[in-house]
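Peer 1: So the sequences go chain by chain: C and S. Every letter in the first sequence is one number past the one before it in our numbering, and letter 137, counting from 1, is 137. Every letter in the second sequence is one number past the one before it in our numbering, and letter 75, counting from 1, is 75. C-beta atoms are modelled at their ideal positions from N, C-alpha and C, and glycine is treated no differently. Values in this document were obtained by computation on a predicted structure and should not be read as measured data.
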Amino acid sequence: MIEGGWFQDLSDRDLDGAIRAITDGQADTPGDWPTQAVETGFSEDQAEYYEFLHEATVAAASTQASSKEQATDQQLVHAVRTMDDLSETVNELAERAAEWAGSLFGESEQGLDYVLAVAEREPQSPVEAEVIDLARSVRELENRRQRVRTFVENQAPAVAPNLSTLAGPLLAARLIALAGGLQSLARKPSGTVQVLGAEDALFAHLEGHAPSPKHGIIFTHEYVRGTRNEKRGSAARALAGKLSIAARIDQYRGEPHPELEAELDERIETIRAGGEGE
Amino acid sequence: MSLPTGIERKAFDGQEALATRGEPVYGEPTANGWRRWDPHRSKLGAMLELGLDTRLEAGASVLYLGAAAGTTVSHVADVAGPTYAVEFAPRPMRDLVPVADSRENLFPLLKDARRPETYAHVVEDELDFLVQDVATTEQAIVANENARFLAADGTLLLAIKARSEDVTQAPSAVFDASLETLESTYEILETQSLDPFHEDHLGVVATPR
């Protein structure tokens, strides 16, 4: 049982505290807050209570609305593309650094882990200093990539709550980035969502020398990857359908719609049980 | 039916229309400090226009769910006493904030009407009115959950949007199911289709059991 009015832990007229209390507080049942505020000495009288309540609710609503609105899809798109650029750069530089360090130290290890180990060493000569410094740059870029990824994972649910619930925040962000924004994703038919990220395969198919792709980036979703091969197309189609609906709800209504997840779970279960063939 | 104190019929460009007194909000026509209340843009306005007995009265305390950009709640606050306006979406809230700023009895809350526990620490109990216009599923359940804020002789003014519940069902079937759900918590006093102002909407006046 959570009880008490928003003002119960506040000293008088602490506006920042009041904003936090209004934003984050809870109570199971309402009470006669104006009377209680006067009785506990929080307010002189009811008129003063309402006056401060007005100031605090307007400030809280304004602050919250603008911070939620800054979580825009376009910033998510930038972050996803930055994350991909960083991945590419890290891989390329790590390969170069590993090759150089390998020749210098007489080792034949490869990959990012080796470069990160090299970055820990103390240079004994000017050439070692160069290589180790390069390895440290790689380490720094890799750390930045992880930070951007965390940012993406935190932002995606604010931008597209339903899509993030269904797809996971990372895949949701990637779909939005591939489409160029939440609105354009919401406007795409689900068949297009199904093959987003598989453009090369799609155009090869349209030119007539390849089968149609069954899935694009949504392959990373457990419901596609974890479904056996002959049912994978069905699973991809079902998933893409629900993801499209989720994107539309996020774009046009912006409210959580928990039924979608249950519907998708049920559909995938049916497909995996072998109800429907391709 | 007589209109509540504070709501009057006034002439705007020679046409009689509902009006309240206050700061203009959405570019509505004004005359001598009165703002026209457009029943096409407001379900509560339509309920008044269609003659439902809303029992509204000047100075009453109100919880308004689904305040959106404040079109309707601004008129309510012109007439009523303490008015708590709950809206879930940030974008309309940005428009609601200046509306509330100019009305000292209007308290905006960026909250989800389906989770009353997230605003029960701010909204007082024993309210005279619960006005609800939310476009979600299970609108009757939302009304039932929020009955905790109403006084025993308080009034629910509800607009049920059939298309938000289930687009595949006939609106009349949706309304019947919603009313049945409501009856577990409320005694229904009056219902009225909001045609021609709002298609597939039912206006409901009820009081807690």
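Tell me which same chain residues have a C-beta within less than 6 Å of the C-beta of residue 50 (chain S), skipping the five on either side of it?
Peer 2: Excluding positions up to five away in sequence, the list reads 192.
Peer 1: What's the call for residue 143 (chain C), buried or exposed, on a 16-neighbour Cβ count within 10 Å?
Peer 2: Classification for residue 143 (chain C): exposed.
Peer 1: Output yes if chain C places a C-beta closer than 9 Å to the C-beta of residue 91 (chain S); else output no.
Peer 2: Chain C, which has a Cβ nearer than 9 Å to the Cβ of residue 91 (chain S), makes this yes.
Peer 1: Using three-state DSSP, classify residue 133 (chain C) as helix, strand or coil.
Peer 2: Residue 133 (chain C) falls in the helix class under three-state DSSP.
Peer 1: Could you check if residue 277 (chain C) is buried or exposed, using at least 16 other CB atoms within 10 Å of its CB as the buried criterion?
Peer 2: Because residue 277 (chain C) sits at a pLDDT of 45, beneath the cut-off of 50, its placement in the model cannot be relied upon, and the point is left open.
Peer 1: For residue 121 (chain S), go through chain C and note every residue whose CB falls closer than 7 Å to its CB, in chain order.
Peer 2: Residues of chain C passing the Cβ test: 4, 5, 6, 25, 26 and 27.
Peer 1: Cβ of residue 80 (chain S) within 9 Å of Cβ of residue 61 (chain S)?
Peer 2: In this structure, residue 61 (chain S) lies closer than 9 Å to residue 80 (chain S) by Cβ.
Peer 1: Which residues in chain C have a C-beta closer than 7 Å to the C-beta of residue 118 (chain S)? List them in chain order.
Peer 2: Within chain C, the residues near residue 118 (chain S) are 26.
Peer 1: Answer with yes or no whether the minimum CB distance from residue 38 (chain C) to chain S is below 9 Å.
Peer 2: By this cut-off, residue 38 (chain C) is not an interface position.
Peer 1: How far does the alpha helix (DSSP H) with residue 49 (chain S) in it extend, from its first residue to its last?
Peer 2: From DSSP, the alpha helix (DSSP H) with residue 49 (chain S) extends over 43-49.
Peer 1: Using 8 Å as the cut-off, can you tell me whether the stretch 131-143 of chain S makes contact with the stretch 93-111 of chain S, which would need three or more C-beta pairs spanning the two stretches below that distance?
Peer 2: These segments do not touch.
Peer 1: Return the first residue and the last residue of the beta strand (DSSP E) that residue 85 (chain S) is part of.
Peer 2: That run of the beta strand (DSSP E) goes 83-87.
Peer 1: When you compare the CB of residue 210 (chain C) with every CB in chain S, is at least one pair closer than 9 Å?
Peer 2: Not an interface residue.
Peer 1: Report yes if the C-beta distance between residue 227 (chain C) and residue 174 (chain C) is below 9 Å; otherwise report no.
Peer 2: It is not a contact, given that the beta carbons lie outside the stated cut-off.
Peer 1: Thinking C-beta only, is residue 31 (chain C) closer than 9 Å to residue 5 (chain C)?
Peer 2: A contact, by the Cβ cut-off of 9 Å.
Peer 1: Indicate whether residue 147 (chain S) and residue 158 (chain S) have their beta-carbon atoms separated by less than 9 Å.
Peer 2: No, the pair does not count as a contact, with Cβ atoms beyond the cut-off.
Peer 1: With a cut-off of 8 Å, do at least 3 Cβ pairs link the stretch 71-78 of chain C to the stretch 95-108 of chain S?
Peer 2: No: the two stretches stay apart, fewer than three of their Cβ pairs being nearer than 8 Å.
Peer 1: What does the alpha-carbon distance come out to for the pair residue 162 (chain C) and residue 187 (chain C)?
Peer 2: C-alpha separation (whole angstroms): 16 Å.
Peer 1: Let me know the secondary structure DSSP gives residue 242 (chain C) once reduced to three states.
Peer 2: Reduced to three states, the DSSP call for residue 242 (chain C) is helix.
Peer 1: Mark residue 208 (chain C) as exposed unless 16 or more other C-beta atoms lie within 10 angstroms of its C-beta, in which case mark it buried.
Peer 2: Residue 208 (chain C) should be labelled exposed.
Peer 1: If you run the structure through DSSP and keep just helix, strand and coil, what is residue 114 (chain C)?
Peer 2: It is helical.
Peer 1: Terminal residues of the continuous beta strand (DSSP E) containing residue 215 (chain C)?
Peer 2: Segment: none, residue 215 (chain C) is in no beta strand (DSSP E) and carries neither H nor E.
Peer 1: Using a Cβ cut-off of 9 Å, pull out every chain C residue sitting near residue 82 (chain S), in sequence order please.
Peer 2: Those are 34, 50 and 53, listed as they occur along chain C.
Peer 1: Helix, strand or coil, according to DSSP, for residue 276 (chain C) in the structure here?
Peer 2: Legend: pLDDT at residue 276 (chain C) = 47, less than 50; position of this residue unreliable, value from coordinates given subsequently. Here residue 276 (chain C) sits in coil by DSSP.
Peer 1: Taking the C-alpha atoms as reference points, what is the distance between residue 260 (chain C) and residue 246 (chain C)?
Peer 2: So the alpha carbons of these two residues sit roughly 8 Å apart.
Peer 1: Please check if any C-beta of chain S sits within less than 9 Å of the C-beta of residue 169 (chain C).
Peer 2: It does not: the Cβ of residue 169 (chain C) has no partner Cβ on chain S nearer than 9 Å.
Peer 1: With distances taken from CA atoms, which of S:58, S:55 and S:88 is nearest residue 70 (chain S)?
Peer 2: Closest option to residue 70 (chain S), Cα to Cα, is S:88.
Peer 1: Give the list of continuous alpha helix (DSSP H) stretches no shorter than 4 residues that lie fully inside the stretch 55-143 of chain S.
Peer 2: Counting only runs of 4 or more, we get 71-79 and 90-101.
Peer 1: Just reading off the beta strand (DSSP E) that residue 204 (chain S) is part of, what are its end residues?
Peer 2: Counting along the chain, the beta strand (DSSP E) containing residue 204 (chain S) begins and ends at 201-208.
Peer 1: Quick one: what does DSSP say residue 20 (chain S) is sitting in, helix, strand or coil?
Peer 2: Residue 20 (chain S) falls in the strand class under three-state DSSP.
Peer 1: If the cut-off is 7 Å on Cβ atoms, which residues from the stretch 160-178 of chain S count as contacting chain C, listed in chain order?
Peer 2: Against chain C - using a Cβ distance shorter than 7 Å - the stretch 160-178 of chain S contributes no residues.
Peer 1: Are the CB atoms of residue 33 (chain S) and residue 75 (chain S) within a distance shorter than 9 Å?
Peer 2: No, the Cβ-Cβ distance between residue 75 (chain S) and residue 33 (chain S) is not below 9 Å.
Peer 1: Three-state secondary structure (DSSP) at residue 242 (chain S)?
Peer 2: The structure shown does not extend to residue 242 (chain S), since chain S is modelled only from 1 through 209, so no value can be given for it.
Peer 1: With a cut-off of 9 Å, does the C-beta of residue 58 (chain C) fall near any C-beta of chain S?
Peer 2: Chain S, which has a Cβ nearer than 9 Å to the Cβ of residue 58 (chain C), makes this yes.
Peer 1: Taking CB distances under 9 Å as the criterion, tell me whether residue 185 (chain S) reaches chain C.
Peer 2: False, the Cβ-Cβ gap to chain C never drops below 9 Å.
Peer 1: Compare the Cα-Cα distances from residue 195 (chain S) to each of S:28, S:41 and S:8 and report the closest residue.
Peer 2: When only C-alpha atoms are compared, the closest one is S:41.
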